[in-house]
Each structure stands twice: as C-alpha cells, then as structure tokens.
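**Q** Can you read through this structure? Questions will come right after.
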Amino acid sequence: MKSNFGIAMAMLAGVAIGAIAVQGLHAQGAKLKAYSVSESEVLDASALAAYLPAARKAIDAAHGRALRTAAGRVVQIEGGPAPKSVGIVEWDSLDEAVAFYKSKAWTDLAPQREKAVKVAQRYVVEVEK
Numbered sequence: 001m002k003s004n005f006g007i008a009m010a011m012l013a014g015v016a017i018g019a020i021a022v023q024g025l026h027a028q029g030a031k032l033k034a035y036s037v038s039e040s041e042v043l044d045a046s047a048l049a050a051y052l053p054a055a056r057k058a059i060d061a062a063h064g065r066a067l068r069t070a071a072g073r074v075v076q077i078e079g080g081p082a083p084k085s086v087g088i089v090e091w092d093s094l095d096e097a098v099a100f101y102k103s104k105a106w107t108d109l110a111p112q113r114e115k116a117v118k119v120a121q122r123y124v125v126e127v128e129k
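This is the structure we're talking about:
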C-alpha cells in the first residue's frame with residue numbers, strides 16, 4: 001500500500017514539474033506584440049474610401065488587426081500639433097509588422113495610397129514585457 005502511494009506521489013510530482021517546465025519554455029519563446037502607427041493627412045476622401053478596404057484586406061491577410069482609427073478624431077494633448085489622421089494596427093510581433101510593410105502586397109497598394117493620403121510618418125512600436 002505504501003509503495004503505491006509513493007509511486008502516485010512521484011507521478012504527481014513529475015506532472016507538476018513537467019507543467020512548470022512547459023510554461024517556462026513557452027514564455028521564453030513568446031514574442032511581444034507590436035503596433036504600427038501611421039500619421040497621415042487625407043488628400044482625397046473618395047480615393048481613401050476606395051483604398052481603405054484594399055489596405056485592410058491586405059493587413060488582415062498578413063494577420064494584422066486594424067483598429068479602424070483612420071477616420072477617428074485625433075486630439076492633441078502635448079507637444080506639437082496632432083496629425084490629421086492616425087492609423088493603428090496590432091501585430092503579433094515587430095518582425096511580422098516590418099515584414100508586412102516591406103511586402104509585395106503593401107508595395108502594390110502604393111499608387112492607391114499616394115492618391116488617398118499623404119503619410120507624415122509610419123513606425124512600429126513593440127510592447128514591453
């Protein structure tokens with residue numbers, strides 16, 4: 001009876017140690033999320049209306065999640081003047097975001113984008129651990 005109890009306790013301890021090890025390994029391999037931010041000014045509202053669905057489709061295909069802020073109000077709180085429009089996209093990692101903005105899908109949208117908006121700046125920010 002005592003040997004069965006000992007075996008059961010040893011198995012339970014092994015499962016617990018294994019679970020902790022797996023959690024630790026998973027945490028080491030986890031990438032940090034990132035957000036791309038685009039500050040821009042609308043040049044042509046009708047061109048923007050045609051461009052946004054195509055851009056959002058390309059972003060979705062690359063596993064980005066557009067926060068749909070392009071037509072939202074921007075309010076200046078500190079520093080210089082606020083941009084006219086801000087687009088924010090959530091990405092699973094900084095590398096994924098950078099790869100998308102260097103991709104053929106994004107490059108192919110450049111002619112439409114240039115008619116619709118003037119981009120002041122675009123950057124990617126990685127979240128903290």
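Sequence positions in the sequence shown follow our numbering and run 1 to 129. The beta carbon of each residue, even a glycine, is placed where N, CA and C say it ideally should be.
In chain order, what residues of the same chain lie with their CB nearer than 6 Å to the CB of Ala-21, ignoring the 5 residues before and after it?
**A** For Ala-21, the predicted structure reports a pLDDT of 49, less than 50, and the residue's modelled location is therefore unreliable. A value from the coordinates is still provided. Result list for Ala-21: empty, nothing under 6 Å.
**Q** Leaving aside the five residues before and after Asp-44 along the sequence, list all residues of the same chain whose C-beta is less than 8 Å from its C-beta, in chain order.
**A** Excluding sequence neighbours, Asp-44 sits near Lys-115, Ala-116.
**Q** Just to confirm, are Ala-70 and Ser-93 a CB contact at a threshold of 8 Å?
**A** Result no, Cβ atoms of Ala-70 and Ser-93 do not sit closer than 8 Å.
**Q** The beta strand (DSSP E) that contains Glu-96, what's its start and end?
**A** Per DSSP, Glu-96 belongs to no beta strand (DSSP E); it is in the alpha helix (DSSP H), 94-101.
**Q** Measuring alpha carbon to alpha carbon, tell me which of Lys-118, Ile-88, Val-119, Leu-48 ends up nearest Glu-126.
**A** Residue Ile-88 is the option with its Cα nearest to Glu-126.
**Q** Do you know how far the Cα of Arg-56 is from the Cα of Ala-50?
**A** Their Cα atoms are separated by approximately 11 Å.
**Q** Using the C-alpha atoms, what's the distance from Pro-53 back to Gly-80?
**A** Taking the straight line joining both Cα atoms gives about 31 Å.
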